[in-house]
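Numbered by my numbering, the letters in the sequence shown go through residues 499 to 686 in order.
A virtual CB, placed ideally from N, CA and C, is assigned to each residue, including glycine.
Report on the following structure.
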Amino acid sequence: MGFDLRGLQPSDKPLPDSPNWLDEGDWAEKQRKAYFTWQDNTPGAYFRNNVWYWGPLWGFVCKVCDNILSEDDIKYGMTNSGHVISKTKAKKIAAKLRKVDDNLEDHQLDYEKNLEELPDESCKICWGTGRRNDDIGVTARNADPNYTCNGCDGKGTRRPFETRYTFDANNVREFGKFCDLSGGFEIS
(Lines of atoms letter the chains of each structure in order from A and count residues from 1; the text may use other names and numbers.)
(Lines give C-alpha, C1' and ligand atoms only; values in the text may rest on other atoms or scores of the structure.)
Protein backbone atom coordinates (compact mmCIF):
# COMPACT_ATOMS: atom_id res chain seq x y z
CA MET A 1 0.00 0.00 0.00
CA GLY A 2 1.15 3.48 -0.74
CA PHE A 3 0.12 7.09 -0.69
CA ASP A 4 -0.06 8.88 -4.01
CA LEU A 5 -0.21 12.66 -3.90
CA ARG A 6 -1.21 14.56 -7.00
CA GLY A 7 -0.56 18.25 -7.36
CA LEU A 8 -3.70 20.24 -8.08
CA GLN A 9 -1.95 22.94 -10.16
CA PRO A 10 1.74 22.11 -10.41
CA SER A 11 2.58 24.43 -13.31
CA ASP A 12 1.36 27.46 -15.18
CA LYS A 13 0.18 25.17 -17.97
CA PRO A 14 -3.21 23.48 -17.89
CA LEU A 15 -3.25 20.00 -16.43
CA PRO A 16 -3.49 17.24 -19.00
CA ASP A 17 -6.60 15.12 -19.02
CA SER A 18 -6.23 12.06 -16.88
CA PRO A 19 -6.28 8.98 -19.09
CA ASN A 20 -9.03 6.43 -18.82
CA TRP A 21 -6.95 3.86 -16.98
CA LEU A 22 -9.27 1.01 -17.98
CA ASP A 23 -9.14 1.59 -21.74
CA GLU A 24 -7.12 -0.81 -23.82
CA GLY A 25 -5.36 -0.48 -27.13
CA ASP A 26 -2.59 1.61 -28.66
CA TRP A 27 -4.38 4.96 -28.21
CA ALA A 28 -4.98 4.33 -24.51
CA GLU A 29 -1.37 3.23 -24.02
CA LYS A 30 -0.08 6.38 -25.75
CA GLN A 31 -2.39 8.52 -23.62
CA ARG A 32 -1.09 6.89 -20.40
CA LYS A 33 2.53 7.22 -21.54
CA ALA A 34 2.04 10.92 -22.33
CA TYR A 35 0.45 11.49 -18.92
CA PHE A 36 3.30 9.76 -17.07
CA THR A 37 5.88 11.70 -19.10
CA TRP A 38 4.17 14.96 -18.14
CA GLN A 39 3.99 13.84 -14.52
CA ASP A 40 7.68 12.87 -14.39
CA ASN A 41 8.76 16.16 -15.96
CA THR A 42 6.54 18.50 -13.95
CA PRO A 43 7.83 19.30 -10.45
CA GLY A 44 4.97 19.28 -7.97
CA ALA A 45 2.81 16.98 -10.08
CA TYR A 46 3.29 13.77 -8.14
CA PHE A 47 4.73 12.46 -4.87
CA ARG A 48 4.52 8.89 -3.64
CA ASN A 49 5.50 7.08 -0.47
CA ASN A 50 4.83 3.54 0.58
CA VAL A 51 3.08 3.15 3.91
CA TRP A 52 6.38 2.53 5.74
CA TYR A 53 7.67 6.01 4.81
CA TRP A 54 4.43 7.98 4.67
CA GLY A 55 3.38 7.33 8.27
CA PRO A 56 6.52 8.83 9.85
CA LEU A 57 6.63 11.64 7.27
CA TRP A 58 3.01 12.66 7.79
CA GLY A 59 3.39 12.32 11.56
CA PHE A 60 6.36 14.70 11.45
CA VAL A 61 4.49 17.15 9.20
CA CYS A 62 1.52 17.09 11.57
CA LYS A 63 3.81 17.80 14.50
CA VAL A 64 5.69 20.74 12.97
CA CYS A 65 2.66 22.10 11.09
CA ASP A 66 0.07 21.74 13.85
CA ASN A 67 -0.83 25.41 13.48
CA ILE A 68 -1.37 24.98 9.71
CA LEU A 69 -3.30 21.72 9.44
CA SER A 70 -6.86 21.18 10.59
CA GLU A 71 -7.98 18.13 12.55
CA ASP A 72 -9.45 16.74 9.33
CA ASP A 73 -6.16 17.32 7.47
CA ILE A 74 -4.29 15.41 10.16
CA LYS A 75 -6.81 12.58 10.28
CA TYR A 76 -7.45 12.16 6.55
CA GLY A 77 -3.80 12.63 5.63
CA MET A 78 -3.31 9.05 6.80
CA THR A 79 -6.02 7.70 4.51
CA ASN A 80 -6.28 7.12 0.78
CA SER A 81 -9.58 9.01 0.71
CA GLY A 82 -8.70 11.78 -1.74
CA HIS A 83 -8.34 14.42 0.99
CA VAL A 84 -7.25 17.78 -0.42
CA ILE A 85 -4.67 20.12 1.08
CA SER A 86 -5.14 23.63 -0.33
CA LYS A 87 -2.47 25.57 -2.18
CA THR A 88 -2.18 27.99 0.74
CA LYS A 89 -1.62 25.19 3.24
CA ALA A 90 0.80 23.39 0.89
CA LYS A 91 2.90 26.57 0.60
CA LYS A 92 2.87 27.02 4.39
CA ILE A 93 3.91 23.38 4.90
CA ALA A 94 6.79 23.87 2.46
CA ALA A 95 7.92 27.02 4.27
CA LYS A 96 7.76 25.30 7.66
CA LEU A 97 9.75 22.31 6.38
CA ARG A 98 12.43 24.67 5.03
CA LYS A 99 12.64 26.25 8.50
CA VAL A 100 13.30 22.90 10.20
CA ASP A 101 15.62 21.60 7.47
CA ASP A 102 18.80 21.98 9.55
CA ASN A 103 17.37 19.67 12.24
CA LEU A 104 16.08 16.87 9.98
CA GLU A 105 19.15 14.64 10.34
CA ASP A 106 18.98 15.02 14.13
CA HIS A 107 15.30 14.06 14.06
CA GLN A 108 16.13 11.05 11.88
CA LEU A 109 18.84 9.91 14.31
CA ASP A 110 16.51 10.35 17.29
CA TYR A 111 13.79 8.42 15.49
CA GLU A 112 16.17 5.55 14.69
CA LYS A 113 17.56 5.54 18.23
CA ASN A 114 14.07 5.33 19.72
CA LEU A 115 13.27 2.36 17.47
CA GLU A 116 16.51 0.60 18.40
CA GLU A 117 15.73 1.01 22.09
CA LEU A 118 12.38 -0.73 21.79
CA PRO A 119 12.56 -4.20 23.34
CA ASP A 120 11.82 -7.28 21.28
CA GLU A 121 8.30 -8.66 21.60
CA SER A 122 7.03 -12.18 21.97
CA CYS A 123 6.27 -13.64 18.54
CA LYS A 124 2.53 -13.70 17.93
CA ILE A 125 2.79 -16.48 15.35
CA CYS A 126 4.33 -19.09 17.67
CA TRP A 127 3.38 -17.40 20.97
CA GLY A 128 7.03 -17.15 21.97
CA THR A 129 7.83 -20.86 21.66
CA GLY A 130 9.94 -20.65 18.50
CA ARG A 131 7.84 -23.43 16.94
CA ARG A 132 4.57 -22.98 15.12
CA ASN A 133 1.83 -25.24 16.39
CA ASP A 134 -0.83 -24.23 13.88
CA ASP A 135 -1.65 -26.26 10.77
CA ILE A 136 1.14 -24.58 8.80
CA GLY A 137 3.75 -25.43 11.45
CA VAL A 138 2.59 -29.02 11.87
CA THR A 139 2.59 -29.59 8.11
CA ALA A 140 6.04 -28.01 7.76
CA ARG A 141 7.48 -30.10 10.63
CA ASN A 142 6.12 -33.27 9.01
CA ALA A 143 8.25 -32.39 5.98
CA ASP A 144 11.20 -31.09 8.04
CA PRO A 145 11.48 -31.98 11.74
CA ASN A 146 13.85 -29.01 12.26
CA TYR A 147 11.26 -26.48 11.02
CA THR A 148 10.97 -23.47 13.32
CA CYS A 149 8.67 -20.48 13.32
CA ASN A 150 9.07 -18.42 10.16
CA GLY A 151 7.91 -15.29 12.01
CA CYS A 152 10.82 -15.21 14.45
CA ASP A 153 13.26 -17.74 12.97
CA GLY A 154 12.78 -19.91 16.02
CA LYS A 155 13.85 -17.26 18.56
CA GLY A 156 10.42 -16.76 20.09
CA THR A 157 10.81 -12.98 19.88
CA ARG A 158 10.84 -10.45 17.10
CA ARG A 159 11.27 -6.74 16.60
CA PRO A 160 8.17 -4.59 17.26
CA PHE A 161 5.96 -3.83 14.28
CA GLU A 162 6.68 -0.09 14.43
CA THR A 163 10.37 -0.72 13.62
CA ARG A 164 9.28 -1.31 10.02
CA TYR A 165 8.49 2.39 9.60
CA THR A 166 11.23 4.69 8.32
CA PHE A 167 11.85 8.38 8.81
CA ASP A 168 14.17 9.81 6.19
CA ALA A 169 15.38 13.42 6.19
CA ASN A 170 15.69 13.52 2.40
CA ASN A 171 12.14 12.22 2.03
CA VAL A 172 10.96 15.22 4.08
CA ARG A 173 12.91 17.55 1.82
CA GLU A 174 11.44 16.00 -1.33
CA PHE A 175 7.96 16.31 0.16
CA GLY A 176 8.63 19.96 0.99
CA LYS A 177 9.63 20.65 -2.64
CA PHE A 178 6.52 18.86 -3.84
CA CYS A 179 4.30 20.92 -1.51
CA ASP A 180 5.89 24.15 -2.67
CA LEU A 181 5.28 23.42 -6.36
CA SER A 182 2.07 21.41 -6.19
CA GLY A 183 -0.54 24.17 -6.15
CA GLY A 184 -2.21 22.15 -3.40
CA PHE A 185 -2.55 18.40 -3.49
CA GLU A 186 -4.84 15.43 -3.15
CA ILE A 187 -3.87 12.40 -1.05
CA SER A 188 -5.07 9.10 -2.47
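Taking E569 as part of the alpha helix (DSSP H), name the residues at either end of that continuous run.
569-574
Inter-residue Cα distance where the pair is T586 and D538
24 Å
Helix, strand or coil for T637? Go by DSSP, reduced to three states.
helix
Which residues does DSSP list as the beta-bridge partners of G654?
Bridge pairing for G654: absent [DSSP].
Relative to the C-alpha of K561, which candidate in W536, Y544, V670, E684 has its C-alpha closest?
V670
Compare the beta carbon distance of F683 and I583 with 8 Å and say whether it is the shorter of the two.
yes
A532 burial status per 10 Å Cβ neighbour count (16 or more: buried)
exposed
Measuring alpha carbon to alpha carbon, tell me which residue in G674, C563, G553 is nearest Y609.
G553
Per-residue burial, R504 [other beta carbons within 10 Å of its own, 16 or more giving buried]:
buried
Once the 5 residues before and after K675 are set aside, which same chain residues still bring their CB inside 8 Å of it?
The beta carbon of K675 sits closer than 8 Å to those of P541, G542, A592, all from its chain and outside the five residues before and after it, given in chain order.
So which of F558, C624, D515 has the shortest CA-CA distance to L506?
D515
Relative to the C-alpha of G580, which candidate in C677, P517, R629, F501 has its C-alpha closest?
F501
Can you tell me which of S686, G557, L616, R629 puts its alpha carbon nearest to the alpha carbon of G649?
Ranking S686, G557, L616, R629 by CA distance to the CA of G649 puts R629 first.
If we call anything under 8 Å between Cβ atoms a contact, is G575 one with I685?
yes
Inter-residue spacing [alpha-carbon to alpha-carbon] between R656 and Y663
15 Å
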